[in-house]
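*Asks:*
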Amino acid sequence: LLVRQRVGLLEPCEGLGEDPSLTAFPETSLPWQARFSFRQEGPMAEIKTIDELDARGKRVLVRVDFNAPVDADGNVTDDTRIRAALPTINKLIGDGARVILTSHRGRPAGEGFEESFSLGPIARRLQELLGRDIVLSRELIGPAAQEAVDALEDGDVLLLENIRFDKREKKNDPEFARALADLADAYVNDAFGTAHRAHASTAGVAAYLPSYAGYLMEREVATLTGMLDEPRRPLVAILGGSKVSDKIKVIDALLEKADTLIIGGGMAYTFIKAQGYEVGKSLCDDSKLDYCKEMMAKAESLGKKLLLPVDTAVSVSFPEPIDAEISVEYVESKNIPADKMGLDIGPKTQEIFAEAAKSAKTVVWNGPMGVFENPVLAKGTIAVAKALAETDATTIIGGGDSAAAVMQLGFADKMSHISTGGGASLEYLEGKTLPGVAVIADK
Ligand code: ADP
Ligand code: MG
613 LLVRQRVGLL EPCEGLGEDP SLTAFPETSL PWQARFSFRQ EGPMAEIKTI DELDARGKRV
673 LVRVDFNAPV DADGNVTDDT RIRAALPTIN KLIGDGARVI LTSHRGRPAG EGFEESFSLG
733 PIARRLQELL GRDIVLSREL IGPAAQEAVD ALEDGDVLLL ENIRFDKREK KNDPEFARAL
793 ADLADAYVND AFGTAHRAHA STAGVAAYLP SYAGYLMERE VATLTGMLDE PRRPLVAILG
853 GSKVSDKIKV IDALLEKADT LIIGGGMAYT FIKAQGYEVG KSLCDDSKLD YCKEMMAKAE
913 SLGKKLLLPV DTAVSVSFPE PIDAEISVEY VESKNIPADK MGLDIGPKTQ EIFAEAAKSA
973 KTVVWNGPMG VFENPVLAKG TIAVAKALAE TDATTIIGGG DSAAAVMQLG FADKMSHIST
1033 GGGASLEYLE GKTLPGVAVI ADK
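The numbering of the sequence shown is the numbering used here, which starts it at 613 and goes up by one.
In structure tokens, the structure reads:
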């Protein structure tokens, strides 16, 4: 199945206008959301959206991404993801749909309810944001869930508990997907953040129901497609963060797409080790050393620039708590002491990376350059964020922590697009078809 995933043309947005997906956003809290709107172009519109759904009186199962951080007291500490789903939810409420929301949060065992992964805190926050009562159903499928759905009136909202409490979700078990579908008349996918996963609630369920994209999904796909299909070059990709083993795989594809690939953060040390240097206690995936060598050779043979940190901030241990006072020294990357760990890029590297970013016409950034949660170790991330804020290049930020860093540092409104999906946007960039997007394609 070939899905072009292109739905419209990017247009700078004059004001919020009549677009329902924009007006529901408080402009100040999500600055980047209001920067682009897009015009539906007949032949390009290949995603079915909720604008095509006659929702009145229908039971609509909506997959959202409510995977928000919750503190020990059960308070949502960052409600960005919940807010991002509001335009779709409000549209369906306004249309008189019976809204059934489903999401995952964290990584529960999949053996049933676990208090620490409950969507209870999310439900409370959502209730405040919507200004109306919602019902949280402990059961995901079956008679009890059905009963909760049957009790809904037009415009009511039901939230199912963490969908990953059932391990069949991640297995995309057809029976589970079927049972989920049985609750509803239509399916809406608004969870771009999990669109790269083929799970029951993100993909499987669509086999049994007419399926549509929510506004967030629509916006993400339109924006990323517009920017990445034929990027203005040079295209510079910046990769960092700590999910080394997860993300390192994308380098292969990125080398083909991008003109320059910059690697910082915890990602860099496996490469530095592969170059033959000591990395001490730094993050490192020893199983990927050969891969890194291959990638360096590949960059060379393709004539692409692969930039690694030439200097690095080191300390004796990871800060604990993360924002604790810490003393660091700056060393050349080839001289990392055996008893130290690299926690940020150094000043020379900051300059090199910033220069490279400034020469770009398009920059894609995923993963901070250091442990930015600590002011002493945020310098590399700040330097890169600042360079991106200052260029006229199209700048696309993906990744939860990268987005948080950019917002925390006050650069959010200077970026062209901050994606709610880190992994999803990376896979998009690789040119992969996302299962959660494929199922809402207008076939
Ligand atoms: P994103 O959420 O943007 O996809 P990741 O989750 O991969 O990014 O990584 C973000 C985390 O990486 C941050 O919490 C940051 O502290 C950490 N990090 C960055 N550089 C390093 C490093 N050198 N060593 C350890 N952790 C790092
Ligand atoms: Mg992260």
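All C-beta atoms, glycine included, are put in the ideal place defined by N, C-alpha and C.
1) Quick check on this structure: which residue in Leu1041, Ser1037 and Thr1032 has the alpha carbon closest to the alpha carbon of Asp690?
2) Decide if Arg844 is buried, meaning its Cβ has at least 16 other Cβ atoms within 10 Å, or exposed.
3) Determine the closest residue to Leu1035 out of Ser927, Gly979, Val1051 and Ala1053, with distance taken between C-alpha atoms.
4) How would you call Asp864, buried or exposed, if buried means at least 16 neighbouring beta carbons within 10 angstroms?
5) Between which residues of its own chain and Leu847 is the CB-CB distance below 6 angstroms, once the five residues before and five after are set aside?
6) Which of helix, strand or coil does DSSP assign to Tyr824?
7) Does the separation of the CB atoms of Ser927 and Tyr889 fall below 8 angstroms?
8) Helix, strand or coil for Tyr889? Go by DSSP, reduced to three states.
9) Out of Ala667, Leu1041 and Ile694, which one is the CA nearest neighbour of Leu866?
10) Please specify which runs of the alpha helix (DSSP H), each continuous and at least 4 residues long, are wholly inside the region 853-898, giving them in chain order.
11) In three-state terms, what does DSSP make of Gly992?
12) Just checking my contact of Arg717 with Phe678 at CB under 8 angstroms: how many whole Å lie between their CB atoms?
13) Quick check: is any heavy atom of the ligand MG less than 7 angstroms from the C-beta of Gly958?
14) Taking buried to mean at least 16 other C-beta atoms within 10 Å of its own C-beta, is Ser813 buried or exposed?
15) Is Phe984 near the ligand ADP, in the sense that its beta carbon is under 7 angstroms from a heavy atom of that ligand?
16) Ignoring anything shorter than 3 residues or poking outside the region 719-805, list the beta strand (DSSP E) runs there in chain order.
17) Does the beta carbon of Asn978 fall short of 7 angstroms from some heavy atom of the ligand ADP?
18) Do the CB positions of Leu1038 and Gly1010 come within less than 8 angstroms of each other?
19) Output the distance between the C-alpha atoms of Glu967 and Val682, rounded to the nearest integer angstrom.
20) Leu771 and Ile746: beta carbons closer than 8 angstroms?
21) Please determine whether the Cβ atom of Asp1013 lies at a distance below 7 angstroms from any heavy atom of the ligand MG.
22) Can you name the residues that DSSP bridges to Asn679?
23) For Ala807, collect the residues of the same chain with a Cβ closer than 6 angstroms to its Cβ; drop the 5 residues on either side in sequence, then sort them by chain order.
24) Whose C-alpha, out of Ala680, Thr1003 and Ala819, is nearest the C-alpha of Arg790?
25) Less than 8 angstroms separating the beta-carbons of Ala798 and Lys900?
26) Who are the Cβ neighbours of Ala757 in its own chain at under 8 angstroms, not counting the five residues just before and after it?
27) Could you check whether the region 698-706 touches the region 715-734, counting it as contact only if at least three pairs of C-beta atoms, one from each stretch, sit closer than 8 angstroms?
28) So the beta strand (DSSP E) Glu664 belongs to, where does it begin and stop?
29) Among Leu764, Ile775, Ala696 and Leu920, which one has its Cα closest to the Cα of Glu726?
*Replies:* On the basis of the supplied data:
1) Ranked by Cα distance from Asp690, the options Leu1041, Ser1037 and Thr1032 are led by Thr1032.
2) Arg844 should be labelled exposed.
3) The question names Leu, yet the displayed sequence has Gly at residue 1035. The candidate whose alpha carbon is nearest that of Gly1035 is Gly979.
4) Exposed, since its Cβ has fewer than 16 Cβ neighbours within 10 Å.
5) For Leu847, where only same-chain residues beyond five positions count, the Cβ hits under 6 angstroms are Ala870, Asp871 and Thr974.
6) Looking at Tyr824 - three-state DSSP - the assignment turns out to be strand.
7) Going by C-beta atoms, Ser927 is not nearer than 8 angstroms to Tyr889.
8) Coil at Tyr889, not helix or strand.
9) Of Ala667, Leu1041 and Ile694, the residue nearest in Cα terms is Leu1041.
10) Segments of the alpha helix (DSSP H) lying fully in the region 853-898: 856-859, 862-869 and 880-886.
11) Judged by DSSP in its simplified three-state form, Gly992 adopts helix.
12) Rounded, the Cβ-Cβ distance is 6 angstroms, consistent with contact.
13) Taken from the Cβ of Gly958, every heavy atom of the ligand MG lies 7 angstroms or farther away.
14) Residue environment analysis places Ser813 among the buried positions, since at least 16 neighbouring C-beta atoms fall within 10 angstroms of its C-beta.
15) The answer is yes for Phe984.
16) Entirely contained in the region 719-805, the beta strand (DSSP E) runs reaching 3 residues are, in chain order, 747-749, 769-772 and 798-801.
17) A distance criterion of 7 angstroms places the beta-carbon of Asn978 in contact range of the ligand ADP, judged by its closest non-hydrogen atom.
18) Yes, these two residues count as a Cβ contact at 8 angstroms.
19) Straight-line spacing of the CA atoms in Glu967 and Val682 works out to 38 angstroms.
20) Their beta carbons are under 8 angstroms apart, which means Leu771 touches Ile746 by this criterion.
21) At least one heavy atom of the ligand MG is nearer than 7 angstroms to the Cβ of Asp1013, so yes.
22) Paired residue(s): none; Asn679 is not in a bridge.
23) Cβ within range, chain order: Ala1036, Leu1046, Gly1048 and Val1049.
24) Comparing alpha-carbon positions, the option among Ala680, Thr1003 and Ala819 lying closest to Arg790 turns out to be Ala819.
25) The answer is no: Cβ separation not under 8 angstroms.
26) Ser749, Glu751, Leu772 and Leu795.
27) At 8 angstroms Cβ cutoff, the stretches do not touch.
28) For Glu664, there is no enclosing beta strand (DSSP E), as DSSP marks it with neither H nor E.
29) Nearest of Leu764, Ile775, Ala696 and Leu920 to Glu726, Cα basis: Ile775.
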